Amino acid sequence: MTHTTIIQENPLQEEALAEGLIRLRQEKAEDEQEKDNQENEMIKFSRESLHSFQFSTNIPLSRKLHETCTILRTHLKTKTADAPNHSGIKPRSRTLPSVYSSPASSSCSSFYSFQEEEEEAEEEQIYVPHLHNRTRQQQNQAILTTYDDFRIIITNGIAKDVLVSHDHDQQEQLIGKQVIENLIDPSYQNRLKSIIVKRRKEALHSSSIHADEGTVIVCGEIIPIIKLDGTKSSASLWLKEKKNELGQSVFIWIFEEVYESTLTIRVNDEGNIHHILDKNGLKDLYGYDTDEILNEPLSKLIPSLTSSDWKSTIQSRFFGSETKKGAHFPIIVRLLDHTTIHITSMPLIAGLMTIRFDGTIEGCNQVFARCLFGYAQDELLKKNISDLLPQFPTLFKNLNRDDLLQHGLIINNTICRKLVDHYNGPDSRLRMLTHTPNNQPLPLLIGIHRDGTPLEVQLQLKLVEEKEECALWISFDRELTFKRYGHQHLISLPPPVDERQPPPMVRSKKKEIPEDAILYSAQQPNATCIDDYIVIDELGQGAYGLVKVAVKKDDPEKKRVVIKYVIKSRILIDCWTSDQMLGTIPVEIHILHTLRKIPHKNISDMLDYFEDDDYYYIVMEFRETMDLFDYIEYNEQINEDNIRKIFKQIALGVKHLHDHRIVHRDIKDENVVVDKDLNVQIVDFGSAAYIKQGRKYETFVGTLDYAAPEILRGQTYSGKPQDVWALGILLFTLIYRENPFYDIDEIMSQELRIPFVLSKGSVDLIYKMLERDVDKRIDIQTVLDHPWLN
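Everything in the sequence shown is counted per our numbering, starting at 504 for the first residue and increasing by one.
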């Protein structure tokens, strides 16, 4: 959970931004010389501000953005918000390929199960001029590290939700478990072992794989898993082998649970449907009631399965399907017996394709190609991309026309749709889909399934460095498609988790408490309950709770407070502690009580806490602030003095924690708030912990972008050096408006890239905090003693 105030973005402004980037040539004939100059700045802006990786310029980025954004706002007659409000918006997330690797270097695919919250279906988030990436979207990737015996040596906190359950008596059982034997369904264990053995042998004899880069062994494969509580599910698996500094093989496993939608039906020999085994599944997935589909031909659900040859055709397994309202989506079909058909649908399918400039497909992921387009990988290679994306030739031509094919630019979906606005394809079905029932103003991008089914897709495009190739990130979002057609039964969200009181054994579990913690332990909180407050706004929510603004009913001043709701059933077993006076409570609350006795101006303070059967409630002072992520986004020019002022306050807050044997473990821009006078506070202690002599942590609980390399290598860690690493990431982001590393590989081994030198001192401090050798990394006192901060 993040204590934040979020600024509402204007979707119309974002549409105008994209329009301004690609259609400026149309205005030349009408504009006077002054507007022509503005236009040149806009074109320059399109080339510079879309760059998400590295700027090749000596001009400070902050100054360039300030100049070009000012012109852009004047040109479009729009304004950015002057002050934060409390309206929640869809988080701006990392572009999809970078979760696993750079588009230029991998052909991974992934299957997601999240809901895109859009004000209207056609309005999309774009990445202009935002150059760094928000991480506050709910994370559901279980990350495990093992050696070659595949026994888990370290995990992140989410792994316990994805691979264990929410039962607290099993939360500590992942460490030491053998991944294949304990987490993979027995029906798939031998196959996974074979894949690993085969891929490792291929890597040994491959001249194209460098030892320091590691080997991607599994990439996007959907596999059956069994959680430690016995629950069966499915997950997308990404597995990579790397060598550590001792030459040992380290395996990084990333599991992302897939919430499949399924339907089982029975048909007769003629292919007519005569029994529905899941009536709710039929309604949710297709919009039909049972009596509307009984005795109808199978082709009503799967148009390419005609009555005459359905038994032979169904062996292809991958098809396009159609709902009652005419929405199309890809499915996987299995014939369980001669009359029973099992249909599986993924809520979101995404993957990478590389193509040559002439449209020839050079590479794609097998799982992605099958699930979205119905083709095997070898069937697609050397095909032309226009066979799958008929609008692509027009898109590519217009990208060249508008000079947008530049190395480093990521062309997002909104811009792609703008560039095919006048496409007139020969297929009347494509034309129909570009004018949806909601009268969509922009054309949709259409992919063609092997069986001819048109599918609405989203597209991002980037040139591959040093090659005449493009990397295409193609995704299909079933929920987005269903929304366009007015479907009311949306099923892509995971099933709700029971919010129940922690079992008695957790409440009574005793842990050794640091002496300092007992010394600083606060008095019991005032007796109160949530009914004593009037909730007036909601700031956000995440995997472990939510944050609201409220007023206490009996407060004559009606002073606003922030209340953090912490779901008891989501608190991990190692996040509880015992106190002589307070009893068994979450570590977060205990630390906040400790900090009340030793306050610091750069640390958020807790006013009170209370609980009921379902939640702990943490009451904090309401301040007119925004989080540092939003501050960076909405201040295109931050001068060096202000960067220094902000960062020094954060470092002072961290030093205060370290001096009192506390580590934060989730330092990032979203966990820092700043007011109009640049006063800064560190917030959100949900991952914080006490330091105990000789104790090492085995679970990574922070944010992947800010994770230190030793954690990703599977080493246990002490906490303080990892906070300093996160500070290095934060300072880099403050200066350069982007993250220094874009995936696990880069965090572990990529040489640090400095886009420009703001000052020698700032660069030197960043390098010293981002030292990969944990024994050589400076501590927080050395950070504060650095000449750049003095």
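In this text, a Cβ means the ideal position worked out from N, Cα and C, and glycines have one as well.
All figures in this text were calculated on a predicted structure; none of them were measured in a lab.
What does DSSP give as the partner residues of residue i in its beta bridges?
i: E1041; result: K1051
i: S736; result: I728
i: V1176; result: D1130, Q1184
i: L742; result: V721, W756
i: L647; result: T658, W756
i: H1344; result: Past the edges of the chain, shown from 504 to 1293, lies residue 1344, and the structure says nothing about it.
i: T767; result: H845
i: C1078; result: Beta-bridge pairing links C1078 to no other residue.
i: Y1200; result: Y1220
i: A974; result: T857, K965
Quick check on this structure: which residue in the options has the alpha carbon closest to the alpha carbon of residue i?
i: S889; options: D787, L948, I834, I1092; result: L948
i: E1274; options: H708, L1255, L962, V1260; result: L1255
i: C1032; options: D1057, Y1047, G1043; result: D1057
i: F1235; options: Q1225, Y1209, D1246; result: Y1209
i: Q1253; options: D1226, K1195, G717; result: G717
i: Y1036; options: P689, I683, V967, V1052; result: V1052
i: R1198; options: K1223, R837, V1175; result: K1223
i: S1221; options: V1277, D1267, N1242, H1159; result: V1277
i: R703; options: I728, K743, E724; result: K743
i: H1289; options: K1151, R1168, E1201, P1212; result: K1151
i: K970; options: D861, V1186, I918, H831; result: D861
i: D1180; options: L785, E968, V761, M1129; result: M1129
i: F821; options: T956, I1106, K1271; result: T956
i: I1238; options: N1142, V719, D1162; result: N1142
i: G1086; options: A662, V700, E1114; result: E1114
i: F895; options: L922, L907, G911; result: L922
i: I678; options: G1156, A662, Y691; result: A662
i: L875; options: R1168, K885, D924, T847; result: T847
i: I1149; options: L1042, I1165, F1132, I805; result: F1132
i: G750; options: Y650, L686, L804; result: Y650
i: I757; options: K696, D1246, I1269; result: D1246
Whole angstroms is fine: what's the gap from residue i's alpha carbon to residue j's?
i: L898; j: G866; result: 20 Å
i: Q1184; j: I1121; result: 17 Å
i: T1285; j: R1099; result: 26 Å
i: I656; j: L666; result: 15 Å
i: Q1083; j: H1093; result: 11 Å
i: I1214; j: T648; result: 9 Å
i: H778; j: T658; result: 45 Å
i: S1081; j: I1088; result: 6 Å
i: I1101; j: E1124; result: 17 Å
i: Q1044; j: E1136; result: 21 Å
i: D1040; j: D1108; result: 20 Å
i: P1006; j: S668; result: Residue placement at P1006 cannot be trusted, given a pLDDT of 36 that sits under 50; the coordinates are not used to answer.
i: Y988; j: E825; result: 11 Å
i: L964; j: I858; result: 10 Å
i: I918; j: M856; result: 19 Å
i: V836; j: T793; result: 20 Å
i: I864; j: H1103; result: 58 Å
For residue i, which of helix, strand or coil comes out of DSSP?
i: E625; result: Any reading at E625 needs caution, since the residue's pLDDT is 37, under 50, leaving its predicted position unreliable; the model's value is listed next. E625 falls in the coil class under three-state DSSP.
i: E1143; result: helix
i: Y791; result: coil
i: C1032; result: coil
i: R654; result: strand
i: D924; result: coil
i: R837; result: strand
i: H778; result: strand
i: L966; result: strand
i: D1162; result: helix
i: I949; result: strand
i: S697; result: helix
i: Q961; result: strand
i: V761; result: strand
i: R703; result: helix
i: K1062; result: coil
i: F985; result: helix
i: I1070; result: strand
i: E684; result: helix
i: T809; result: coil
**Asked** Can you give, in chain order, each stretch of the beta strand (DSSP E) that sits fully within the stretch 1221–1282 and has at least 3 residues?
**Response** none
Minimum length 4: unbroken alpha helix (DSSP H) runs contained in the stretch 1093–1145: 1131–1136
(message) Suppose only complete runs of 3+ residues qualify. What are the beta strand (DSSP E) ranges in the stretch 848–922, listed by chain order?
(response) 851–859, 864–867
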